[in-house]
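Quick notes on the structure that follows.
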Amino acid sequence: MSDEYLVCFDTDRIKEYVFATDKLREVRGASWLLTELNSRAELGRVVRPVCPDCEIVFAAGGSAVLLAPSEAKAKHIINVVQASYGHKALTASITGAPMRLAPATKTEGFGERVAMAWLKLREAKDEKARRLLPGIESYTQPCAACERHPASRVSHLDQSAICHSCYAKRQAFDRNRDVNAPEDLNALGAVARPPGYIGFMYSDGNSIGERLKQLAGAEEYGAFADKLDQLIQKTVRDVLMLVTAGDMALSVALEITATFERDSREALRAGHLPDEKPLTLGTAVVLAHAGFPMAACHSLAGQLLKRAKQRCAEEGYRTGSLDFMVVTAAGSSDLNTLREEVLTQESFVFPRGDRQIRLTQRPYTLNQARTLLECVKAFKKARFPRSQLQYLYEGLFHSQADAIYRWVKVGGRIGKEQRDALDEFYRAFGDGDQALPPWRRDNNPPRIDHTTALADLIEAYQFVLPEE
Ligand SMILES: [Zn+2]
Numbered sequence: 006m007s008d009e010y011l012v013c014f015d016t017d018r019i020k021e022y023v024f025a026t027d028k029l030r031e032v033r034g035a036s037w038l039l040t041e042l043n044s045r046a047e048l049g050r051v052v053r054p055v056c057p058d059c060e061i062v063f064a065a066g067g068s069a070v071l072l073a074p075s076e077a078k079a080k081h082i083i084n085v086v087q088a089s090y091g092h093k094a095l096t097a098s099i100t101g102a103p104m105r106l107a108p109a110t111k112t113e114g115f116g117e118r119v120a121m122a123w124l125k126l127r128e129a130k131d132e133k134a135r136r137l138l139p140g141i142e143s144y145t146q147p148c149a150a151c152e153r154h155p156a157s158r159v160s161h162l163d164q165s166a167i168c169h170s171c172y173a174k175r176q177a178f179d180r181n182r183d184v185n186a187p188e189d190l191n192a193l194g195a196v197a198r199p200p201g202y203i204g205f206m207y208s209d210g211n212s213i214g215e216r217l218k219q220l221a222g223a224e225e226y227g228a229f230a231d232k233l234d235q236l237i238q239k240t241v242r243d244v245l246m247l248v249t250a251g252d253m254a255l256s257v258a259l260e261i262t263a264t265f266e267r268d269s270r271e272a273l274r275a276g277h278l279p280d281e282k283p284l285t286l287g288t289a290v291v292l293a294h295a296g297f298p299m300a301a302c303h304s305l306a307g308q309l310l311k312r313a314k315q316r317c318a319e320e321g322y323r324t325g326s327l328d329f330m331v332v333t334a335a336g337s338s339d340l341n342t343l344r345e346e347v348l349t350q351e352s353f354v355f356p357r358g359d360r361q362i363r364l365t366q367r368p369y370t371l372n373q374a375r376t377l378l379e380c381v382k383a384f385k386k387a388r389f390p391r392s393q394l395q396y397l398y399e400g401l402f403h404s405q406a407d408a409i410y411r412w413v414k415v416g417g418r419i420g421k422e423q424r425d426a427l428d429e430f431y432r433a434f435g436d437g438d439q440a441l442p443p444w445r446r447d448n449n450p451p452r453i454d455h456t457t458a459l460a461d462l463i464e465a466y467q468f469v470l471p472e473e
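Quick note: the sequence shown, position 31, residue 36 per my numbering, numbers continuous.
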C-alpha cells in the first residue's frame, strides 16, 4: 500500500495582514505579496530542494495542496514552507497539516480526502491562533503605516519610519504597480462621482467546497482549482477584494458576478464535473467616503456578503446575488440595526398598526440587480428631477400612506418620459394588483407585509453612470 501523504496549506489571518493599514498602497502590496508567495512556481522553488518527487496539486489564493511520498517528507515540506513565509512576508504566516492519502488514491475519493485534511488543518490553525494571542509589545516607535509593529526602517517613498512588514508590502506594490493605479483611496475618490466616494467590493463563491469534494482524482482537483483561480484572477485581479471609484462600483460588481458565473462552466468541465449548474458568487458592495477606514469597509462588506450568500441559498444556488449599502456619516455601521430597524416601519414618523414593512428589497439576485441599474439609467436618461426623488425618498420614512400620496403627486408633476420610467420601475419591483405603488405585497417568512425597492433605487442613484 502506498504511503503517500497529503499536505494542505492555508495562509493565516489573511485579512488582518492585508488590512493592517488603510493605505491602498500597502493593501494592494500585501495582496500581491501573498499572490507571489502562493504561486505554484514559488512553492516549487521552496519544496523541491527537500522533496524533489513531491507533487503540487494546486497552489493559489492563499492555499495549496501537495502530495508527498512519506510522512517524514510531508513534515519536512511543512517546515520549509512555514519558514520561507515568515522570511518574505514578515508578519504573515501559513499553516500546513499532513494526512495520509489512503484509503483514497490519486484517482478515487481524492476530493473527499482533501476535505478531511482541510478539517485537520482548521484545527491546527485554531491551535496556532490560541498560542499566538497578540501581546502588546513595548517599543520606542511604532510603524507610521500600520501602527502595530516597531518601526525599523525609513521608507524611500515618504521618509516615514515603518516596519519590515509594511516595507515589504510597499516593495511588492512598486514591483507590480500599474502606472495608472492610484496610490491611495483619496486619489481614487477624486476621479469618481460623487466626488470622494469609493466602492469596496467583496465576493465569495457559493458551495465551492461541496464541488471540490466531488472531485474524484488529484488531476481533476488540480485542473479545477487552477481554472477557478485563473477565472478569479481574470475577473477580480486582486483576489480578496476590489476597490474602485464609487460611480463604477455597482456596474463593475455586476459584471464580475455575471462573468464568473458564465465562465465557471469551463472550470467545472476541467474537473470532469457536471456543468449544467454554474458556480455562482455572492457579492457585496460598500459605497463609502474615501476617508472611511478600509478595515471598517471590509467588516461591513463581510456582513453584506453573508446576506447575499443567504439569498443565493434561498435561490438554490442557481444565481449569484448582490447586496450593497451606502455608508453615510450619520448612519449605523451595524448592518443588522440598519436592516431590522432603520429600514423598517420603526422609522415611520407616523406609525399606523402593526404591519411589518421593509424599506428595501436587498439583497438582489443578479437579474434583479441588473434591472435595478437599468431603471436608474432610464431615470437619468429621462432627466428625472432630483428634487422629486428626494421628495419620494422622504415620504418612505413618514408612513405607507404618505409614500403612496407622494407617488401620485409626483406622477402629476412630471412629464411623460419621466412617468414612463417610474411606471417601468414599479412594473419590475412592485405588483399592481395587490398593493399601491411604491409598495409590493410580500408573504415571505418571517412575515413581512409590504416592501419597496424605491429607497434602493434612490440610494444607488448617484453611484450609477448614465448611459453613454
Ligand atoms: Zn507596519
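Note that CB positions come from ideal geometry on N, CA and C, so glycine has one too.
Exercise. Return the residue from the list Gly49, Gly210, Val413, Val119 that minimises the CA-CA distance to Leu106.
Key: Residue 106 sits at position 101 when you count from the first residue of the sequence shown. Nearest option by C-alpha distance: Val119.
Quiz item: In angstroms, rounded to a whole number, what distance separates the CA positions of Arg363 and His455?
Solution: Reading the sequence shown from its first residue, position 358 is the one you call residue 363. Reading the sequence shown from its first residue, position 450 is the one you call residue 455. The straight-line gap from Cα to Cα measures roughly 6 Å.
Practice problem: Assign Ala65 to one of three DSSP states: helix, strand, or coil. | Solution: Here the question's residue 65 lines up with position 60 in the sequence shown. Reduced to three states, the DSSP call for Ala65 is strand.
Quiz item: Should His154 be counted as a contact of ligand 1 given a C-beta to heavy atom distance under 6 Å?
Solution: Mapped onto the sequence shown, residue 154 falls at position 149. Within the cutoff, so yes.
Self-check item: Buried versus exposed, by CB contacts within 10 Å (16 or more), Arg175
Solution: Residue mapping note: residue 175 aligns to position 170 of the sequence shown, counting from 1. When all chains shown are included, Arg175 counts as buried.
Quiz item: Roughly how many whole angstroms lie between the Cα atoms of Arg153 and Thr26?
Solution: Within the sequence shown, residue 153 is the residue found at index 148, counting from 1. Within the sequence shown, residue 26 is the residue found at index 21, counting from 1. The alpha-carbon atoms of Arg153 and Thr26 are separated by roughly 9 Å.
Quiz item: Helix, strand or coil: how does DSSP classify His455 here?
Solution: For the purposes of this step, residue 455 is taken as the residue at position 450 of the sequence shown. In this structure, His455 counts as strand in the three-state DSSP scheme.
Quiz prompt | CB-CB length for Ala383 against Glu429, believed under 8 Å | solution = As a working mapping, residue 383 is identified with position 378 in the sequence shown. As a working mapping, residue 429 is identified with position 424 in the sequence shown. Right, their Cβ atoms sit about 6 Å apart.
Self-check item: Coil, strand or helix - Ser304 by DSSP
Solution: If you number the sequence shown from 1, residue 304 lands on position 299. Of the three classes helix, strand and coil, the one that applies to Ser304 here is helix, per DSSP.
Quiz item: Three or more C-beta pairs closer than 8 Å, one from the region 221-229 and one from the region 268-283: is that the case here?
Solution: yes
Exercise. Answer with buried or exposed for Ala65, where buried requires no fewer than 16 other C-beta atoms within 10 angstroms of its C-beta.
Key: Here residue 65 corresponds to residue number 60 of the sequence shown, with the count starting at 1. Label assigned to Ala65: buried.
Quiz item: Expressed to the nearest angstrom, what Euclidean distance is found between the alpha-carbon atoms of Asn181 and Arg30?
Solution: Locating residue 181 in the sequence shown gives position 176, where the first residue counts as 1. Locating residue 30 in the sequence shown gives position 25, where the first residue counts as 1. Looking at the two C-alpha atoms, the distance is approximately 11 Å.
Quiz item: How close, in whole Å, do the beta carbons of Ile61 and Ala73 come, if the pair is a contact with beta carbons under 8 Å?
Solution: What you label residue 61 is simply residue 56 of the sequence shown in a count that begins at 1. What you label residue 73 is simply residue 68 of the sequence shown in a count that begins at 1. Contact flag wrong, Cβ pair sits at about 10 Å.
Quiz item: So, is His92 buried or exposed, given that buried needs 16 or more other C-beta atoms within 10 angstroms?
Solution: Position 87 of the sequence shown, counted from the first residue, corresponds to residue 92. It is exposed - the Cβ of His92 has fewer than 16 other Cβ atoms within 10 Å.
Exercise. Report the rounded CA-to-CA distance for Tyr144 versus Gly101, giving the unit in angstroms.
Key: Working through the sequence shown from its first residue, we reach residue 144 at position 139. Working through the sequence shown from its first residue, we reach residue 101 at position 96. Confidence in Tyr144 is poor, its pLDDT being 48 and thus under 50, which makes the residue's placement too unreliable to answer from.
Quiz item: Which of helix, strand or coil does DSSP assign to Cys56?
Solution: Against the sequence shown, residue 56 aligns to sequence position 51. Coil at Cys56, not helix or strand.
Quiz item: CB Leu397 to CB Val415, shorter than 7 Å?
Solution: As a working note, residue 397 is residue 392 in the sequence shown. As a working note, residue 415 is residue 410 in the sequence shown. Yes, these two residues count as a Cβ contact at 7 Å.
Quiz item: Would you say the beta carbon of Ile167 comes nearer than 6 Å to a heavy atom of ligand 1?
Solution: As a position in the sequence shown, residue 167 is number 162, starting the count at 1. Correct: Ile167 has its Cβ closer than 6 Å to ligand 1.
Quiz item: In whole angstroms, what is the alpha-carbon distance linking Thr376 and Phe389?
Solution: Taking the first residue of the sequence shown as position 1, residue 376 is located at position 371. Taking the first residue of the sequence shown as position 1, residue 389 is located at position 384. Cα to Cα, the separation comes out at about 18 Å.
Self-check item: Coil, strand or helix - Ser165 by DSSP
Solution: Here residue 165 corresponds to residue number 160 of the sequence shown, with the count starting at 1. If DSSP states are grouped into helix, strand and coil, Ser165 belongs with coil.
Quiz item: Are the region 304-321 and the region 346-356 touching, with three or more C-beta to C-beta distances below 8 Å?
Solution: no
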